[in-house]
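Everything on this sheet refers to the single structure shown next.
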Amino acid sequence: MILPISWIKDYVTSLETSDVEYAKKMTLIGQKVERYFKESDSITKIVTAKVISVTKHPNADNLYVCAVDIGKAEISVVTAATNLKSNHIVPVALDGAMLANGSIISKGSIRDVESMGMFCSLAELGLTQADFPECDPEGIMILPADTEIGKNISEELNLDDTIFEFEITPNRPDCMSVVGLARETAAAYDLPFSLTKPTPREILPEITDYLKVERITDNCLRYTAAVMKNVTIKPSPAWMRERLRKCGLRPINNIVDITNYIMLEYGQPMHAFDHRHVSGNTIVIRQAKETENIVTLDGICHMLDDSMMVIADSEKPTALAGIMGSEYSGIYEDTSVVIFESANFDNLSVRFSAKKLGMRTDSSALFEKGLDPNTALIALQRAIDLTHQLGAGELVGGIIDEALVTPQPKKICLEHEVINRFLGTDLSVEFMISALQSFRFEVDDLMVLVPTFRADVEGMADLAEEIARYYGYDNIPSTIMSGVSVARLTETQYFERDIKQICLSAGLYETTTLSFMSNRSLDMICLADDDALRNAVKISNPFGEETSLMRTTLLPSLMEVLARNYNVRTKAACFFELAATYIPMLENELPDERKSLTIAGYGSIDYYSLKGLCDLILDSMKIEGYEYIPMTDNNSYHPGRAARIMLDGKEIAVVGELHPKLLDNYVMRTRCYAAQLDIDLIYELRGGLTQYEELPRYPAITRDLALVCDEAVLSSSIVAILKGTASEVVESIEVFDVFRGGSVEAGKKSIAYSITLRDREGTLTDRKADEIISAMLASLAKKDIQLRS
311 MILPISWIKD YVTSLETSDV EYAKKMTLIG QKVERYFKES DSITKIVTAK
361 VISVTKHPNA DNLYVCAVDI GKAEISVVTA ATNLKSNHIV PVALDGAMLA
411 NGSIISKGSI RDVESMGMFC SLAELGLTQA DFPECDPEGI MILPADTEIG
461 KNISEELNLD DTIFEFEITP NRPDCMSVVG LARETAAAYD LPFSLTKPTP
511 REILPEITDY LKVERITDNC LRYTAAVMKN VTIKPSPAWM RERLRKCGLR
561 PINNIVDITN YIMLEYGQPM HAFDHRHVSG NTIVIRQAKE TENIVTLDGI
611 CHMLDDSMMV IADSEKPTAL AGIMGSEYSG IYEDTSVVIF ESANFDNLSV
661 RFSAKKLGMR TDSSALFEKG LDPNTALIAL QRAIDLTHQL GAGELVGGII
711 DEALVTPQPK KICLEHEVIN RFLGTDLSVE FMISALQSFR FEVDDLMVLV
761 PTFRADVEGM ADLAEEIARY YGYDNIPSTI MSGVSVARLT ETQYFERDIK
811 QICLSAGLYE TTTLSFMSNR SLDMICLADD DALRNAVKIS NPFGEETSLM
861 RTTLLPSLME VLARNYNVRT KAACFFELAA TYIPMLENEL PDERKSLTIA
911 GYGSIDYYSL KGLCDLILDS MKIEGYEYIP MTDNNSYHPG RAARIMLDGK
961 EIAVVGELHP KLLDNYVMRT RCYAAQLDID LIYELRGGLT QYEELPRYPA
1011 ITRDLALVCD EAVLSSSIVA ILKGTASEVV ESIEVFDVFR GGSVEAGKKS
1061 IAYSITLRDR EGTLTDRKAD EIISAMLASL AKKDIQLRS
């Protein structure tokens, strides 16, 4: 809903507020302001000026040089316009001015004659001839002769009015109108709301000489009509054209503009028919016939069926009820008798018809939300008043009012204690009554009468919402709801979230894939025929062969993601997924859902970086004493370039380079690495809270050892011997070099370690450190591990 603040002030006359405050206030009361702007925002430094003289350009046949009075000075303007004469008042864009299309005007010389500005047409001001019918759309805009010179054009044309754009919720169709938003404004500011009711008209027999109405469908809840004779079709007055323009509608003529004006003012769509095109002087509201069609005002022919409601005459449909009129239902320049229609239709009927026909108009958008049938009569009477006010026609007799139902105000008992408990407030009953009355509810001895335009209010909770809106949501204290358990993450959820955060912090991307797989998925990762992972839960009604099994491993899913990225030339990628795998149990038992973390990547990752990530995860979970054991019996991984992570005989994870045959299956010509961690087992083995120790008071001693051993000896076994010899003083052991060849005989390797020793009870002497190193070497010698010479 787009609305200028000046129109609101017609009904809330004492409103004084800033644009920022109004937007905030209305948003807090429930009518969200999406934005606000002024028409003048797009034009600057354009003033009214008087043309003193117009002479031919000395160096151009089609140009003119004009002397122009801008109030404070006289300037010259070169123009090609032919509709200018001396004493014309026109808008002039000065040096540095901005036009509606974003162009910036600069002074300059045109054919050796200085031009200090530019005359403006309607388009350059963001206007059309519909807004100013008296102006030439192709020429310069000529202003009235009594226009003040030197005045800002925005002020002169009233373009400084602030226009607000509201986001109205579907349950509040009453606020799709000026009157509705004015009511909300009055309540928000606690100001009087003044609305002059239209002049009531009686149902008189004279109208039947011009029009008869038959309603033969229950989808029309109310139909009102009036006939205006001696109608003169002409442009609407400036004030009406201006309001329509500011609300985003194009002025057309006085009769059509009246219907659009009322739709904006009351939120009630109306239609105007030329009486000549209503055959038999009869209007019939009925369901369409299966063989009927209608050509609407937009020139499109629509095939109808009996689910659609139409407004017809004695021969043919003249309008799609609540949507759009037919091509013959418009208003023409020679129209002299007009039928005003203001009706209320079943919202579901309008919505289904509009959807089936692929039409959504301003009218259908209102009707499908459910309008108040009582507004139909008020809108018709307002249309008659405006027609008289504009001198556009005379009413024939009275009006026609065919009503299937006349809604009455609903009654709801005001239980203030219940509302206070519901809102978590301590408001007095007097305050609640005042709040409801501000929104035009009537309260009689704690019995609330809900106005018919508020069909969304059905019970106590709705009354509580109205009171909360008036009180201010920001004034309601934040409290925990009583009787409702507080939602918290479980310990397992915290654990899994920490694992994911470690992976994300390492630069990995999380994926979520389907929990299904197929036997082909297991073939793709080179799984052995007798591998236990091939024993999977079969789905009784799968989507297809590719999703016929519940997955027992996440590796195929991650490989599909990797392959997809590789195929679109992603240079490097690394993904992880923490999800359940499904291990079959005994017959008629649910599968064991074991959580697994699978990491896979290429390009920016290698074995050591992936091993480091596994260490980071395990160390973060306070798991100690695990070791890496070479793995050669897993067909998915490269033999000799993969390892199992073991602790107390349990396999925590596997990590390594994927087998080349597996990569061929996914058509990937690059090395890929993966790790699969048993999250359930890691959760069981995790340590407790972090234990902090005081900083060491005594210095450390570092010794470097280069040890020669057989190629098959694991570094972890050497580290275990080194630590086991003097665990009380060994602070850390790090590998910093592995060497083969040269002086190291074939079949052996040299591993260099940096060993940090520290005694926390006193200073460790060099002599004591040497003794410890000697004991370490003696222990190593028993395993045929020698100090490199």
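Quick note on numbering: the sequence shown equals residues 311 to 1099 in my numbering.
The beta carbon of each residue, even a glycine, is placed where N, CA and C say it ideally should be.
Nearest-angstrom Cα distance between residue i and residue j?
{"i": "residue 371", "j": "residue 419", "result": "16 Å"}
{"i": "residue 393", "j": "residue 442", "result": "16 Å"}
{"i": "residue 787", "j": "residue 981", "result": "59 Å"}
{"i": "residue 876", "j": "residue 1046", "result": "34 Å"}
{"i": "residue 643", "j": "residue 541", "result": "10 Å"}
{"i": "residue 1035", "j": "residue 1007", "result": "23 Å"}
{"i": "residue 444", "j": "residue 383", "result": "29 Å"}
{"i": "residue 813", "j": "residue 1065", "result": "30 Å"}
{"i": "residue 942", "j": "residue 805", "result": "31 Å"}
{"i": "residue 842", "j": "residue 958", "result": "22 Å"}
{"i": "residue 672", "j": "residue 342", "result": "20 Å"}
{"i": "residue 351", "j": "residue 566", "result": "29 Å"}
{"i": "residue 1033", "j": "residue 1063", "result": "12 Å"}
{"i": "residue 766", "j": "residue 484", "result": "10 Å"}
{"i": "residue 945", "j": "residue 972", "result": "9 Å"}
{"i": "residue 771", "j": "residue 480", "result": "18 Å"}
{"i": "residue 989", "j": "residue 904", "result": "8 Å"}
{"i": "residue 628", "j": "residue 559", "result": "24 Å"}
{"i": "residue 530", "j": "residue 632", "result": "10 Å"}
{"i": "residue 835", "j": "residue 339", "result": "60 Å"}
Flag this pair as yes or no: are the beta carbons of residue i and residue j separated by less than 8 Å?
{"i": "residue 547", "j": "residue 404", "result": "no"}
{"i": "residue 1053", "j": "residue 1017", "result": "no"}
{"i": "residue 722", "j": "residue 760", "result": "yes"}
{"i": "residue 1010", "j": "residue 1041", "result": "yes"}
{"i": "residue 978", "j": "residue 883", "result": "no"}
{"i": "residue 568", "j": "residue 714", "result": "no"}
{"i": "residue 538", "j": "residue 677", "result": "no"}
{"i": "residue 781", "j": "residue 823", "result": "no"}
{"i": "residue 580", "j": "residue 689", "result": "yes"}
{"i": "residue 809", "j": "residue 920", "result": "no"}
{"i": "residue 388", "j": "residue 375", "result": "yes"}
{"i": "residue 954", "j": "residue 933", "result": "no"}
{"i": "residue 526", "j": "residue 594", "result": "yes"}
{"i": "residue 674", "j": "residue 618", "result": "no"}
{"i": "residue 379", "j": "residue 356", "result": "no"}
With DSSP run on the structure shown, which of helix, strand or coil describes residue i?
{"i": "residue 1001", "result": "coil"}
{"i": "residue 852", "result": "coil"}
{"i": "residue 332", "result": "helix"}
{"i": "residue 698", "result": "helix"}
{"i": "residue 641", "result": "coil"}
{"i": "residue 808", "result": "helix"}
{"i": "residue 735", "result": "coil"}
{"i": "residue 367", "result": "coil"}
{"i": "residue 917", "result": "helix"}
{"i": "residue 280", "result": "The requested residue 280 does not occur in the structure, where the chain is confined to residues 311 to 1099."}
{"i": "residue 1052", "result": "coil"}
{"i": "residue 566", "result": "helix"}
{"i": "residue 689", "result": "helix"}
{"i": "residue 390", "result": "coil"}
{"i": "residue 589", "result": "helix"}
{"i": "residue 1080", "result": "helix"}
Which residue or residues does DSSP assign as beta-bridge partners of residue i?
{"i": "residue 657", "result": "Partner(s): none; residue 657 has no beta bridge."}
{"i": "residue 985", "result": "909, 965"}
{"i": "residue 620", "result": "596, 630"}
{"i": "residue 359", "result": "400"}
{"i": "residue 924", "result": "Paired residue(s): none; residue 924 is not in a bridge."}
{"i": "residue 535", "result": "651, 710"}
{"i": "residue 1058", "result": "1020"}
{"i": "residue 530", "result": "655"}
{"i": "residue 374", "result": "366, 389"}
Worksheet item: Which ranges does the beta strand (DSSP E) cover as unbroken runs of at least 3 residues, wholly within the segment 393-421, from first to last along the chain?
Response: Those beta strand (DSSP E) runs which fall completely within the segment 393-421 and span 3+ residues are 399-408, 418-420.
Worksheet entry | Residue ranges of each beta strand (DSSP E) within the segment 458-527, 3 or longer | Taking only runs of at least 3 residues, the beta strand (DSSP E) segments lying wholly in the segment 458-527 are 472-477, 522-525.
Worksheet entry | Every unbroken beta strand (DSSP E) within the segment 818-898, with a cutoff of 3 residues, ordered by chain | The qualifying runs are 883-893.
Worksheet item: What are the start and end residues of each continuous alpha helix (DSSP H) run of 4 or more residues lying completely inside the segment 706-781, in chain order?
Response: Counting whole runs of 4 or more residues, the segment 706-781 contains the alpha helix (DSSP H) stretches 726-733, 739-748, 770-781.
Discussion item. As an exercise, report each continuous alpha helix (DSSP H) stretch of at least 4 residues that is fully enclosed by the segment 1015-1043, in chain order.
Written reply: Qualifying alpha helix (DSSP H) stretches, in chain order: 1025-1035.
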